[in-house]
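Take a look at the structure set out below.
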Amino acid sequence: MAAEYRTAQYRTIVRDGLWDNNGVLAQMLGMCPTMAMTTSATNGLGMGLATAVVMAASNLLVATFRGYITQEVRIPVYILIVAAMVTLVDLTMNAWMHELYKVLGLFIPLIVSNCLPLGRLEVFAAKEPVLPSLMDGLFMGIGFTLALTAIGGVREVIGSGTLFADASLLLGPAFKFMEMKVSPFDSGVLVMILPPGGFLATGLLVAGKRILDLRAGKAIATGPAGHCV
Amino acid sequence: MTTQPTWLHAAVLGAFCTGFGAVLALTDALTADPIAARALEDKQNSLAQVIPPGLHDNNPAMDVITLPGEHGKPLTVYRATKGGKVTGVAYEILGSGYAGEMRLMMGVDTEGRVLGVRATQHKETPGLGDKINPAKSDWITRFSGLSLDTPPRDKWKVKKDGGQFDQFSGATITPRGVVGAVRGGLEFFASHKAQMVEVR
Numbered sequence: 007m008a009a010e011y012r013t014a015q016y017r018t019i020v021r022d023g024l025w026d027n028n029g030v031l032a033q034m035l036g037m038c039p040t041m042a043m044t045t046s047a048t049n050g051l052g053m054g055l056a057t058a059v060v061m062a063a064s065n066l067l068v069a070t071f072r073g074y075i076t077q078e079v080r081i082p083v084y085i086l087i088v089a090a091m092v093t094l095v096d097l098t099m100n101a102w103m104h105e106l107y108k109v110l111g112l113f114i115p116l117i118v119s120n121c122l123p124l125g126r127l128e129v130f131a132a133k134e135p136v137l138p139s140l141m142d143g144l145f146m147g148i149g150f151t152l153a154l155t156a157i158g159g160v161r162e163v164i165g166s167g168t169l170f171a172d173a174s175l176l177l178g179p180a181f182k183f184m185e186m187k188v189s190p191f192d193s194g195v196l197v198m199i200l201p202p203g204g205f206l207a208t209g210l211l212v213a214g215k216r217i218l219d220l221r222a223g224k225a226i227a228t229g230p231a232g233h234c235v
Numbered sequence: 002m003t004t005q006p007t008w009l010h011a012a013v014l015g016a017f018c019t020g021f022g023a024v025l026a027l028t029d030a031l032t033a034d035p036i037a038a039r040a041l042e043d044k045q046n047s048l049a050q051v052i053p054p055g056l057h058d059n060n061p062a063m064d065v066i067t068l069p070g071e072h073g074k075p076l077t078v079y080r081a082t083k084g085g086k087v088t089g090v091a092y093e094i095l096g097s098g099y100a101g102e103m104r105l106m107m108g109v110d111t112e113g114r115v116l117g118v119r120a121t122q123h124k125e126t127p128g129l130g131d132k133i134n135p136a137k138s139d140w141i142t143r144f145s146g147l148s149l150d151t152p153p154r155d156k157w158k159v160k161k162d163g164g165q166f167d168q169f170s171g172a173t174i175t176p177r178g179v180v181g182a183v184r185g186g187l188e189f190f191a192s193h194k195a196q197m198v199e200v201r
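Sequences listed follow chains Z and P, in order. First residue of the first sequence: 7, per the numbering used here; consecutive thereafter. First residue of the second sequence: 2, per the numbering used here; consecutive thereafter.
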């Protein structure tokens, strides 16, 4: 692999992660946490941020050790690394960021069941240098966060009539201003915050992204065959 | 490409397992104490919601007795004492909701009156059954002051079943489960009062 990574390549990494090859909207990976945790924009944001941390850390580690990981045992080693990062994040947050942990704690173990981190290790970090791998993990993670927040936002606005409710529990009291009530009614279209709403909102956003890409004249990126969710 | 010997793969996998195992063991050792402290704080906070602070001069989270509960499962009872006398107790009760078991914490004074009830863990439907959450509705606070005689025992039901407790619009199973659990909790107090308020 070329030793020097040029700015244009970093730009591609950023654009791939955020939009072109977005983990949820293009690769269609990580559907389990995507469906399960996006009952509100805040939940989606929290799940996304925790995943981004784990993805950046595990991409970094795999890229660092990639010279030592033999082909035959690479998958167990990747899973080991992702699981170790998740456990590390879980323990540290429980001990020193307890308020945040009470909101996010339920979601964190779910990161292990997310195929997106594993996919990035195999597709990117196993072949590329350390810094680009870190960037890839970080921006894939941020793209995942954006997608989950958007899906959560759609479900929350239609389903509960609020947006970013309880954001101050996740981000701190300074973010109280984000909590919005967008509907005059006490409850909304309940189905959107129940499991079917996850499929509806995700489908709508995937379709929306494809329409935008078509308008922009881009080829539609479709993800790898979905043998893993 | 030459074939790598099997022992090499074993060594690589073993090395990674050992390395990350050590990292996790170290993290666990560092975080065990803070996590235990946080868990105790959480317990105190949830107890503070069902036992008014004026009622005790001890730390109920630390004054714990264990009684044989329903189905032979041990039940942890937290005791509030003032001047060495028990003024109230709190324990966990279980109700069956629309989406499985609901865990609630209830506080009872020595006369068998409810001091407070809070749901600690439940999976009820957002927007319907989750009105048992005090942030969403004051419903759960209406148990305070009630006892097995007020209202009479056959009124300890939701209105739909001929009792006196409101159900939620669109959700009857959740409040029915909570009312049943609270009544069960009061019956448990009645049958174990002596052991609960006995001074050690």
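From the three backbone atoms N, C-alpha and C, an ideal C-beta is built for every residue, glycine too. On a predicted model such as this, the values are computed, not experimentally measured, just so you know.
Check, Outcome
"Of the residues P:Lys-83, P:Arg-104, P:Arg-39 and P:Ile-66, the one placed nearest P:Pro-75, counting alpha carbons only", "P:Ile-66"
"Coil, strand or helix - P:Lys-156 by DSSP", "helix"
"N-terminal and C-terminal residue of the alpha helix (DSSP H) that Z:Lys-215 is part of", "201 to 221"
"Chain-ordered chain P contacts of Z:Leu-86 [CB-CB under 7 angstroms]", "Phe-17, Cys-18 and Phe-21"
"Per DSSP, cross-strand counterpart(s) of P:Tyr-92", "P:Val-78 and P:Met-107"
"Reference P:Gln-168; option with closest CA among P:Ser-148, P:Trp-140 and P:Gly-101", "P:Trp-140"
"Residue-level contact to chain Z via CB, P:Gln-5, 7 angstroms cutoff", "yes"
"Start-to-end residues for the alpha helix (DSSP H) that takes in Z:Ala-153", "136 to 165"
"Identity of the residue in Z:Leu-211, Z:Gly-204, Z:Lys-215 and Z:Ile-114 nearest Z:Val-59 by Cα", "Z:Ile-114"
"Cβ-based burial, Z:Val-197 [other Cβ within 10 Å; buried from 16]", "exposed"
"Range covered by the alpha helix (DSSP H) that runs through P:Gln-45", "7 to 51"
"Contacts of P:Pro-35 in chain Z (Cβ-Cβ under 9 angstroms)", "Asn-100, Ala-101, Trp-102 and His-104"
"Residues near Z:Asp-96 in its chain [Cβ-Cβ closer than 6 angstroms; skip 5 each side]", "Ile-114"
"Closest Cα partner of Z:Ala-131 within the set Z:Ile-19, Z:Ser-46 and Z:Thr-13", "Z:Ile-19"
"Within chain P, partners of Z:Val-78 - CB distance below 7 angstroms", "The displayed chain sequence assigns Glu, not Val, to residue 78 of chain Z. Under the 7 angstroms cutoff, chain P gives His-10."
"Exposure label - Z:Asn-65; buried when at least 16 CB within 10 Å", "buried"
"Close Cβ partners of Z:Gly-165 (< 7 angstroms) along its chain, the five nearest in sequence each way excluded", "Gly-194, Val-195, Leu-196, Met-198, Ile-199 and Gly-203"
"Proximal chain Z residues relative to P:Asp-29, where beta-carbon distance stays under 7 angstroms", "Leu-97"
"Min CB distance Z:Thr-151 to chain P below 7 angstroms", "no"
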